[in-house]
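Protein chains in written order, with the numbering used here: chain B, 0 to 114; chain W, 6 to 114.
We put the beta carbon where it would ideally sit given N, CA and C, even for glycine.
Take a look at the structure set out below.
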Amino acid sequence: GAGVSQSPSNKVTEKGKDVELRCDPISGHTALYWYRQSLGLGLEFLIYFQGNSAPDKSGLPSDRFSAERTGGSVSTLTIQRTQQEDSAVYLCASSPGGTLSYEQYFGPGTRLTVT
Amino acid sequence: QQPVQSPQAVILREGEDAVINCSSSKALYSVHWYRQKHGEAPVFLMILLKGGEQKGHEKISASFNEKKQQSSLYLTASQLSYSGTYFCGTDPSGNDMRFGAGTRLTVKP
């Protein structure tokens, strides 16, 4: 009965380096979401997957951000040429269906620090 | 597209009631409510759907006024465990989720 898992739990990187954040959703969940939460602030929507496709990429802050999902399961969020303003907690969530009538199950997050 | 929550913060004594409001400038398919405790991931509280259906598993009630594009979360007889930040989420397109800035609730003994 595993929940949503994310790795790494913490990541410290130097400005300008690329990072990859991983999300393992609950088995069988077709929808997957990425959010960013800066210190003390709300949840910023980044991207949504239904299966392997991303109908809505409008939340990605810049072209340095990209995400993919393979096999309808694992997803990777990649940030290229990281900047200090990218420092935040990146949360992944999954849900059983593609419509918004299903609750989302959140992972513990990856805390990214760009120095 | 982000919904607006009010108040930003509220402090209660155990046993007191509170109402948290969420409003959107766009027509909504549904409204979600989540609670996040410090250092933890958000946890689902309730979904309110167009047509009046609700899904939730906490002793918390909520309303959804489709016409006014507003929702309210009602916390009655608050307990210490209710402390946390409450987020409402809305899905104006039916495909994504936009969360409000959150309402920080503190329940004191």
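Remark: C-beta atoms of L59/B and I78/B do not approach each other more closely than 7 angstroms. In terms of Cα proximity to Q103/B, the closest of W38/W, K42/W, E71/W is W38/W.
Within chain B, the C-beta atoms nearer than 7 angstroms to that of G105/W come from G41, in chain order. For S37/B, DSSP assigns no beta-bridge partner whatsoever.
Taking 7 angstroms as the CB threshold, S93/B stays off the interface with chain W.
When DSSP states are grouped into helix, strand and coil, E19/B belongs to the strand group. Secondary structure remark: continuous beta strand (DSSP E) runs of at least 3 residues inside the segment 37-94 of chain B, in chain order: 42-49, 52-55, 64-68, 74-78, 87-94.
Checking the DSSP bridge columns, you'll see V113/B partnered with T12/B. Look at F105/B: its C-beta is under 7 angstroms from a C-beta on chain W.
Distance from V88/B to Q49/B at the Cβ level is roughly 24 angstroms; contact not present, criterion being Cβ atoms closer than 8 angstroms.
In this structure, DSSP gives S86/W a helical state, which the three-state scheme calls helix. The beta carbon of A23/W sits closer than 7 angstroms to the beta carbons of V15, L17, L80, S83, L110 from its chain, once the five residues preceding and following it are set aside; these are given in chain order.
Annotated three-state conformation of G61/W is strand, per DSSP.
What I52/W touches in chain B, judged by beta-carbon distance under 9 angstroms, is L99, S100, Y101, E102, going in chain order. Chain W has no Cβ within less than 7 angstroms of the Cβ of F64/B.
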